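For the sequence shown, the positions run 8 to 279 when the numbering used here is used.
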Amino acid sequence: MSASSLPYMKSNPKIIFFTDFDGTITLQDSNDFLVIAYPELDARILADWPRLRQIISVMDKENVAKGTSTDAFRDMLDSVKTPFNECIEQLKRNMKLDPYFVEFYNWAKENNVPIVVLSSGMTPIISALFEALLGHKPDEHLQIVANDVESRDGKDINTEGGWQIKYHDDSHFGHDKSLEIKPYAALPDNVRPTLLYAGDGVSDLSAASETDLLFAKKGRDLVTYCERQGTPFTVFESWSSILATTKDILSGKVTIKKVAQEGLETVHKEKN
8 MSASSLPYMK SNPKIIFFTD FDGTITLQDS NDFLVIAYPE LDARILADWP
58 RLRQIISVMD KENVAKGTST DAFRDMLDSV KTPFNECIEQ LKRNMKLDPY
108 FVEFYNWAKE NNVPIVVLSS GMTPIISALF EALLGHKPDE HLQIVANDVE
158 SRDGKDINTE GGWQIKYHDD SHFGHDKSLE IKPYAALPDN VRPTLLYAGD
208 GVSDLSAASE TDLLFAKKGR DLVTYCERQG TPFTVFESWS SILATTKDIL
258 SGKVTIKKVA QEGLETVHKE KN
């Protein structure tokens, strides 16, 4: 596939920034919030919530191969009977962006850095939250690739028990984020931009091996995975450090290799 046919290459960027949404751009996970927010939640699901969440975030490849994670995630969301439009309104009132993301968003627009949100959440929710929390619809430099929502049993999604998640693809997590990145990773070196990614959990695993540098959220599963696999990464606590590092990479002040080496050294120091 040629560079000219890839949508995020239209402006010939030097960097493309791929990122997770829930718990990475936002401070909370919107899916978790929905599950625990409503009194009509199935008591059996709520009682079993620690086990389900553990399965969803597990890193054991055997469980992933069995499709256990998608089954648990669907069970989790199916427990929410509230009409979809009411779910969105509740999330808009309660979700918050990382306090430094808007600064990154504006800098990326000014410096020709496309932002591609790759999420295991649902596009209508993510779009609505961006519009509410940014104060406007996202500009063209930010694109969303995620799961969707669909009718359950032919019902209107805005009625009680009327909606369910519609997975993006047939992968074990319902959305193989690497599929969106691979065409860019395969570009010839003379046209290929630097590919960066920010994430926090198991749904980001497939993306990790396709990018040049991973920003892994401190204290989350993704850090452990990167250490195991030898994936280049650095740790972040907020988008303030992501912005500073991305600026330095774009200007040539630092190399990917140096950032990754320093990231690994920091994690080892904190463990010792």
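Glycine is no exception: its CB is placed at the ideal position from the N, C-alpha and C atoms.
This structure is a prediction, so every number in the text was calculated from the model and none was measured.
Spatial neighbours of N165 in its own chain (CB-CB distance under 6 Å, excluding positions within 5 residues in sequence) are listed in chain order as P90, F91, N92. Residue burial annotation: I23 is buried, with at least 16 other C-beta atoms found within 10 angstroms of its C-beta. Taking a cut-off of 8 Å on C-beta distances, the region 147-163 does not touch the region 203-221, as fewer than three cross pairs fall below it. The DSSP assignment places complete beta strand (DSSP E) segments of no fewer than 3 residues inside the region 91-176 at 122-129, 149-158, 170-173, in order along the chain.
Its chain contains A153, N154, D155, V156, I172 as the residues whose beta carbon lies nearer than 7 Å to that of M129, once the 5 sequence neighbours on both sides are disregarded; these appear in chain order.
Listed in chain order, the beta strand (DSSP E) elements of length 3 or more contained wholly in the region 207-268 are 220-224, 240-243.
The shortest C-alpha to C-alpha distance from L125 to any of A44, T31, N119 is the one to T31. Within the DSSP bridge table, the entry for A205 names T26, F222 as partners. The residues S37, F40, L41, I132, A135, L136, in chain order, have a CB closer than 8 Å to that of L98 in the same chain once the five nearest residues on each side in sequence are set aside.
Residue burial is scored here from C-beta neighbours: P106 has fewer than 16 other C-beta atoms within 10 angstroms and is therefore classed as exposed. In the displayed model, T33 falls within a strand according to three-state DSSP.
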